Amino acid sequence: NMGGKSTFLRQNAHLVVLAQMGSFVPAKFARVGLVDKLFCRVGSADDLAADKSTFMVEMQETSTILTQATSRSLVLMDEVGRGTAVNDGVAIAGAVLEALCAKQSRTLFATHFTALSDLVGATCNGELQPYRMEVLEHQVGGKTKHLVFSHRVVEGLAAQSYGVNTAALAGCPPSVVARASELLSELTHETTVGRHTDINDVESRLQRALAVLGSLDSQLVSSEGNEMRHSIDPHQILDELRQILNENGEERR
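Residue numbers (full-length UniProt numbering): 1 to 253.
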């Protein structure tokens with residue numbers, strides 16, 4: 001937040017228009033390819049006269065882009081999916097990003113959903129290039145005391161969004177900011193614990209599956225000749241493996 005990503009997106013649109021019309025651009029050197037269309041999904045506003053919510057407007061504009069954009073188009077997407085629940089937003093943003101990768105459109109995709117890089121990275125065949133707006137932290141006693149937004153674009157994913165810090169800069173009451181920090185810590189802790197629990201559950205199921213396979217291997221080795229012993233029921237083995245691998249963790253809940 002407040003890093004300048006939306007301004008950076010708009011700036012690129014202006015530079016492309018200036019370059020394509022033959023004008024000067026504010027740079028020592030610029031290499032700008034020709035584009036056939038320029039699409040911008042930025043800002044947030046509803047359309048009360050047309051009975052459309054902010055999210056509906058966002059989705060309609062996104063639909064237009066996905067329908068009309070080509071590999072020669074420049075597409076600017078600013079925080080797609082923010083107008084709905086987090087899981088829905090991440091899912092929609094990921095699907096849109098994959099569709100743009102498939103079209104090979106020239107795209108700048110700004111988002112707070114840093115998980116998208118891992119979620120759709122494989123589908124986009126390594127074509128995603130993560131960048132972030134640089135934020136300098138001045139810490140006192142291990143706590144962030146002051147932020148400096150350099151408005152520089154640097155490589156890598158952002159570690160956090162600094163939403164609580166932005167709320168403090170906006171003048172929200174200190175008590176509200178402090179409580180927001182506490183809640184953020186709790187949410188972050190719960191997410192981390194949940195991930196560890198899921199990983200442990202998967203590891204446990206895999207170990208049990210390997211134990212079943214190991215038991216089967218031992219029986220095969222101990223069988224006489226090349227014929228499988230009648231005591232080995234392959235269907236039973238497969239059913240047991242399916243049961244282990246299809247568990248959804250309800251036992252631990």
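C-beta: ideal position from N, C-alpha, C; glycine also.
Computed from a predicted structure; not experimentally measured.
| Item | Value |
| --- | --- |
| Below 8 Å on the Cβ atoms is my guess for D78 versus L9; work out the distance and round it to an integer in Å. | 6 Å |
| Is the CB-CB distance between T166 and N1 below 8 Å? | yes |
| Grouping DSSP H, G and I as helix and E and B as strand, with all else coil, what is S181? | helix |
| In the DSSP assignment, the beta strand (DSSP E) including V75 goes from what residue to what residue? | L74 to D78 |
| Is it true that the segment 13 to 21 meets the segment 46 to 55, where meeting means three or more beta-carbon pairs spaced less than 8 Å apart? | no |
| Counting only the same chain and skipping the five closest in sequence on each side, list residues whose C-beta sits under 8 Å from that of V176. | A167 |
| Decide if G33 is buried, meaning its Cβ has at least 16 other Cβ atoms within 10 Å, or exposed. | exposed |
| Hey, would you say residue 263 sits closer than 8 Å to V154, going by beta carbons? | Outside the displayed span of the chain (1 to 253) sits residue 263, for which this structure offers no information. |
| CB C40 to CB L76, shorter than 8 Å? | yes |
| Output the boundary residues of the alpha helix (DSSP H) element that contains C101. | V86 to K103 |
| Taking only the alpha-carbon atoms, compute the straight-line gap between G249 and L119 and give it to the nearest angstrom. | For G249, the predicted model reports a pLDDT of 48, less than 50, meaning its position is unreliable and no value from the coordinates is stated. |
| Can you give me the start and stop residues for the beta strand (DSSP E) that L128 sits inside? | L128 -> no beta strand (DSSP E), and no H or E assigned at all. |
| Are the Cβ atoms of V42 and S73 separated by less than 8 Å? | no |
| If we require 4 or more residues per run, which alpha helix (DSSP H) segments fall completely within the segment 18 to 78? | 54 to 68 |
| According to DSSP, which residues form a beta bridge with M133? | V153 |
| State the Cα-Cα distance for the pair A30 and A49, rounded to the nearest angstrom. | 42 Å |
| For F109, which residues in the same chain have their Cβ closer than 7 Å to its Cβ, ignoring the five residues on either side in sequence? | M77 and L97 |
| Using three-state DSSP, classify H112 as helix, strand or coil. | coil |
| Alpha carbon to alpha carbon, what distance is there between H14 and S23? | 11 Å |
| Out of N87, D46 and S105, point me to the one whose CA is closest to T67's CA. | S105 |
| Pick out whichever of D36, G126 and T188 has its Cα sitting closest to the Cα of T70. | D36 |
| State the CB to CB distance for the pair E58 and G83, rounded to an integer number of angstroms; the pair is presumed to be in contact (CB under 8 Å). | 6 Å |
| DSSP puts T107 in a beta bridge; with which residues? | V75 |
| Round the Cβ separation of I92 and G81 to the nearest angstrom and send it over; I've been treating them as touching at under 8 Å. | 4 Å |
| Between V90 and the rest of its own chain, which residues show a CB-CB distance below 6 Å, the 5 nearest in sequence each way excluded? | F113 |
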